[in-house]
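Under the numbering used here, think of the first position of the sequence shown as 56, with each following residue one higher.
Just so you know, even glycine gets a beta-carbon here, dropped at the ideal spot from N, CA and C.
All values derive from a computational prediction rather than experimental measurement.
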Amino acid sequence: MKKLFKKLHLPIVLMLILSILLSGCVMSLTCISHIDRDRNGECDNCGIAMEVPREDIEKIEVTTLPTKTYYGRNETLDVTGGKITVTYNDGKPDEEIDMTAEGVTIVAPGMGVDGKKSVQVKYGGYSATFVIEVGSARYTVSFDLGYEGGEMESQFVTQNTLMEEPAAPEREGYSFLGWFTDEACTQRFDFALTPVTADMTLYAGWAQIYMVTYDANYDGGADKTAESVNGRADTSIRPDDRDGWHFTGWYSDPECTQAFDPNTILTGDITLYAGWVSSSTEMITVTFDPNYEGAEATTQQVPSGSPVNAPATPERANVTEKGHQASGFTFGGWYTDPACTTAYDFSAAVTEAMTLYAKWTGEYVFEAEHIDLSGPDGNGLQGMGASGGSVGPNMVDSVPPDYDYLIASNGYYLTYLYKTMLEIEFVIESDRAVSDATIVIRVSAETVGYALSPNRNDGTTENGTLYSMFMITLNDSPIEYPTIEMEGGRPQFEDFTLTVNATLKEGTNVIKMIVANDHGMGGTMQATAPVLDCIKVTTSADLTWNPIVSNEKGQ
């Protein structure tokens, strides 16, 4: 029976295929390939209106691609810079025409789905194509070298990703200081920590190179010379040993009355003079401790009874390790104790060996997706969403491709917090007690907006948004933060300051968040809560914690 069926239907199938090839139409009269052989402006097969091809044109082709060939999802097609070449058959020379010129028609593809797309260009009844790519938004990072004739190729970087640091540029007579986000070169850009979220320009920092002469400052002493380092004199250079004498440092004058400040930005060649005291003089060691893990201390030998000269201002690098990010460290001076409670007076005479400690203030980031989600019973914290619950690490989501504009600091966030009296905790260790902490929360919203309050569960804001209590405590003390109001629809994550000059104790500190309302947001969402990206704590204490990085697998 099957063989008979195949015998009967094979000729019919072949006839249908032949009919399609000859006519260009299927049985439903929907045309596969329109053709207008008689040039009457209609398809010979289905009658649809068609542009009559110009008889003097042989073909058109894309000879110059548009400036822009990569697009973020749903971005509008722009053919600026693109050109086609028209080849004529009547002896006229070829003609180059802008794609934006009158008479040229552009047929854009669907721009909402990732992938390579074909763009059709029509002119004079003929067509050609070129290919674009659609995906996550990309931004242009330009590099301004800051001097005439200096050029460097831009980079195109996918939204919310880290960019590759280019090779350091070279400029004759100058030291390269790094890349900065401002033209005055005061804000350094960290390639390992800062994702690109918009078109931007980075500015090269430069310091002119000068010659520094290190004068031994005694008859027969050997002078030394060296180039400046990043615009400063290198005061770690020492003169050759001198029998019967101790070296005490570099001075701006031969009489050694003005100790040279190593932070001085040079404006020309300079001579520094070595200071000396008799070897019979008692010398005391002063240690300068950078006061953070992994940093090496330096020392100075100081004549007993003399003041110690402040060393060059130290710098502290950002921490880029996943789960332990910290940045923006500023130096706050030298202190006599590791907790940095007593500033040192550099005019004081040194009479015994001592250690001075650097004070730093930096911003520490604690990702919500890295908190402990095991729950009070160890079986996983139970969250609620629009259509059911989610447990433990499944409360963590990665940023969907269509929402890469959210700018989640680590590409993940914590959601499913829509359950009355749900509690989450950030457990943070501080190396000292301080009262200078600024705490910031970074949040977004799902489809419904909110007005989060530390103490209100009724009434509305001026915008008509219902207040919903979302309690935040630090070591069990409530944080009376300003109302956090945000529209729904998944807006970009935004920072909100919860408190300033907060007190952290030495040891364990707990920032707790409690969903203290029953304002359902639709579906099975019992309560109103934010989508939580991270918290940020800026303080002079050194902070650490135990991030559960494996939560990032999420869903």
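Who does residue i pair with in a DSSP beta bridge?
i, result
"F481", "I566"
"G170", "V189"
"T326", "T268"
"I611", "Within the shown structure, residues of the chain are numbered from 56 to 610, placing residue 611 beyond reach of any answer."
"E517", "According to DSSP, which records beta bridges pairwise, E517 is partnered with nothing at all."
"I590", "F421, I496"
"I152", "I139"
"M576", "M576 pairs with nothing; no bridge assigned."
"P533", "T528"
"H301", "V332"
"V196", "Q210, M255"
"G685", "What the structure shows of the chain is the stretch from 56 to 610, and residue 685 is not part of that stretch, so it cannot be assessed."
"L411", "F343"
"E651", "Lying before the first or after the last residue shown, residue 651 is absent from the chain, which here runs from 56 to 610."
Residue range of the beta strand (DSSP E) that residue i falls in?
i, result
"V446", "443-446"
"P9", "Since the first and last residues shown for the chain are 56 and 610, residue 9 lies out of range."
"D231", "It should be noted that the sequence gives Phe, not Asp, for residue 231. Its beta strand (DSSP E) spans residues 229-235."
"L559", "549-559"
"I539", "539-541"
"I161", "160-162"
"M450", "M450 -> no beta strand (DSSP E), and no H or E assigned at all."
"F525", "522-529"
"V341", "338-344"
"T280", "279-282"
"A381", "381-390"
"L507", "505-508"
Can you tell me the Cα-Cα spacing of residue i and residue j, whole angstroms?
i, j, result
"V284", "G378", "34 Å"
"D457", "G323", "55 Å"
"Y399", "R243", "29 Å"
"R487", "N530", "15 Å"
"Y412", "T470", "42 Å"
"P448", "K591", "21 Å"
"P164", "P455", "22 Å"
"K474", "H574", "10 Å"
"E517", "A584", "20 Å"
"S182", "R128", "25 Å"
"I462", "Q547", "6 Å"
"N215", "T354", "43 Å"
"D45", "G179", "The structure shown does not extend to residue 45, since the chain spans only 56 to 610, so no value can be given for it."
"I603", "Y468", "13 Å"
"L232", "A259", "7 Å"
"E150", "K138", "10 Å"
"P317", "T368", "8 Å"
"F551", "A506", "12 Å"
"Y616", "G170", "Within the shown structure, residues of the chain are numbered from 56 to 610, placing residue 616 beyond reach of any answer."
"E97", "L200", "59 Å"
"S442", "T391", "58 Å"
"T236", "F198", "10 Å"
"R109", "F211", "41 Å"
"A381", "E540", "27 Å"
"G204", "R497", "42 Å"
"K123", "T131", "11 Å"
"I534", "L598", "20 Å"
"T306", "R287", "A quick correction: the sequence has Tyr, not Thr, at residue 306. Their Cα atoms are separated by approximately 14 Å."
"S508", "L472", "16 Å"
Less than 9 Å separating the beta-carbons of residue i and residue j?
i, j, result
"S464", "P121", "no"
"T528", "G504", "no"
"W261", "F302", "no"
"G562", "S485", "yes"
"D588", "S191", "no"
"V174", "V141", "no"
"A253", "Y194", "yes"
"I264", "K279", "no"
"P358", "M338", "yes"
"V502", "G577", "Reading off the sequence shown, one finds Thr at residue 502, where the question assumed Val. Yes, the Cβ-Cβ distance between T502 and G577 is below 9 Å."
"T375", "D245", "yes"
"I479", "I426", "yes"
"V189", "M154", "no"
"F565", "V482", "For the record, residue 565 in the displayed sequence is Val; it is not Phe. Yes, the pair counts as a contact, with Cβ atoms nearer than the cut-off."
"A596", "M524", "no"
"G360", "A408", "no"
"E424", "V446", "no"
"A500", "E542", "yes"
"T326", "V267", "yes"
As an exercise, report each continuous beta strand (DSSP E) stretch of at least 3 residues that is fully enclosed by the segment 107-139, in chain order.
Runs of the beta strand (DSSP E) inside the segment 107-139: 112-119, 125-127.
Hey, which unbroken runs of the alpha helix (DSSP H) at 4 residues or more fall wholly within the segment 454-478?
Counting whole runs of 4 or more residues, the segment 454-478 contains no alpha helix (DSSP H) stretch at all.
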